[in-house]
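This note's numbering applies: residue 5 is where the sequence shown begins, and numbers increase by one.
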Amino acid sequence: MSGKSVTGVRDYFDAWTSVILSDVGHTYQAGTVIGHSATPYRDTNVFLAGRAGIGAGMRVLDAGCGACGPAVDIVEHTGDLTIDAMTISEVQAAAGTAHLQARGLADRIRVRVGDYHQMPFPDGTFDVVYFLESACYTEDNVALFGEALRVLKPGGALYVKDQFVEEGPLTPAETTALAGMNEIFACNITRLLDEVAQAIADAGFIDVQAGGRDFFDHAEYKKAMAKFLDERPLLGADGRPQLTSLGQGHQYPGVLEGTPPVFTADIRAIRPR
């Protein structure tokens, strides 16, 4: 990742973490699992842990951990495991540390600030490395997943859940919406699902499996952008939704009601033994 990109991502999360915590919560993901209960983000995190193959007794890396919502949910659900959580943002790290301390998990989850392209862990440290809508901030997938390969134990699992670009030629409106989304969210969602899967294979992983598109939708995230009453958005005098602070800062409904050609899916892979 270039210095400019690292700075841009850090600045985004330093500036927006307090708003994200207020309007979304400790889990900042666009895609949530379909058919959830009253706890959509926790349900999603538990579902993702199962998809990743996370189990008791493991040491796990949360690469791009945000404010530790997923890590906390996974540890509370799974039980006896430890998670090392990395973020580029000091503000996120502080929020995550406060969250896990409030949940009594400071001895099970360790938060570090750093660039996930250059991680401070020995080779072969982890049973599972996961990226939950965080790999989309890289400009070099092969380098990123090569670093994940390095810190995984032989036979360890990689799990990536993220946003990917739709296949096929994009219309001018879709191209504009995609560029606007990447600029607003300081991310780099520019690749097809198969392209990211190929980058994972090129980094040295085997048994690369891409799919899971039908598991996720963006309904919950859209709700965080606007004010709702009884499942319907509150409308202003102009007939448009009344926005939350997150929605105002992220130009909703221009982006989320526009035509960004993206979807949520996941990729699973194994480090060779």
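C-beta: ideal position from N, C-alpha, C; glycine also.
Apart from the five residues just before and just after residue i, which ones in its own chain have a Cβ nearer than 6 Å to its Cβ?
{"i": "V23", "result": "S249, L250"}
{"i": "R116", "result": "M90"}
{"i": "V13", "result": "I92, Y141, A190"}
{"i": "R154", "result": "D127"}
{"i": "G208", "result": "L153"}
How long is the line joining the alpha carbons of residue i and residue j, rounded to whole angstroms?
{"i": "L196", "j": "A67", "result": "21 Å"}
{"i": "A60", "j": "E151", "result": "24 Å"}
{"i": "A97", "j": "P265", "result": "31 Å"}
{"i": "D206", "j": "I188", "result": "30 Å"}
{"i": "F125", "j": "T11", "result": "22 Å"}
{"i": "I210", "j": "Y32", "result": "29 Å"}
{"i": "K157", "j": "D131", "result": "6 Å"}
{"i": "G292", "j": "E178", "result": "This structure cannot settle anything about residue 292, because the visible part of the chain is limited to 5 through 277."}
{"i": "P245", "j": "A228", "result": "12 Å"}
{"i": "L273", "j": "A201", "result": "According to the sequence displayed, residue 273 carries Ala and not Leu. Approximately 9 Å between the Cα atoms of the pair."}
{"i": "T86", "j": "T263", "result": "40 Å"}
{"i": "H103", "j": "C72", "result": "7 Å"}
{"i": "T43", "j": "G29", "result": "11 Å"}
{"i": "L52", "j": "F149", "result": "19 Å"}
{"i": "D242", "j": "Q252", "result": "15 Å"}
{"i": "D198", "j": "A214", "result": "7 Å"}
{"i": "A225", "j": "T36", "result": "Here residue 225 is Tyr; the residue named in the question, Ala, does not match the sequence. Using only the alpha carbons, I get a separation of about 8 Å."}
{"i": "E170", "j": "F220", "result": "15 Å"}
With DSSP as the reference, please indicate the residues paired to residue i in a beta bridge.
{"i": "F149", "result": "Paired residues: none, contrary to the question."}
{"i": "L156", "result": "F130"}
{"i": "F220", "result": "V37"}
{"i": "G215", "result": "D270"}
{"i": "F232", "result": "P237"}
{"i": "F168", "result": "F267"}
{"i": "C163", "result": "The sequence shown places Tyr at residue 163, rather than the Cys named in the question. In the DSSP output, where bridge partners are listed per residue, Y163 has Y134, R272."}
{"i": "I188", "result": "Partner(s): none; I188 has no beta bridge."}
{"i": "L247", "result": "A230"}
{"i": "I210", "result": "I274"}
Starting from the C-beta of residue i, find all residues in its chain whose C-beta is less than 7 Å away, skip the five residues before and the five after it, and write them out in chain order.
{"i": "L109", "result": "V76, V79"}
{"i": "A147", "result": "H121"}
With a CB to CB cut of under 8 Å and the five nearest residues on each side skipped, what residues in its chain are close to residue i?
{"i": "D84", "result": "A60, G61"}
{"i": "R217", "result": "L197, F267, T268, A269"}
{"i": "L281", "result": "Since the displayed the chain opens at 5 and closes at 277, residue 281 lies outside it and no answer follows."}
{"i": "R114", "result": "T86, I87, D88, A89"}
Is residue i close to chain C? Criterion is C-beta to C-beta, closer than 8 Å.
{"i": "L162", "result": "Absence of chain C from the displayed structure is noted, only one protein chain being present."}
The stretch 48–63 touching the stretch 154–167, judged by at least three CB pairs closer than 8 Å: Contact between the stretch 48–63 and the stretch 154–167 is present, because at least three Cβ pairs lie under 8 Å.
Ranges of the beta strand (DSSP E) found wholly within the stretch 87–146, counting only runs of at least 3: 113–117, 130–136
Sufficient close CB pairs (3 or more, under 8 Å) joining the stretch 86–96 to the stretch 112–124: yes
3 or more residues per run - each beta strand (DSSP E) lying fully within the stretch 13–72: 63–67
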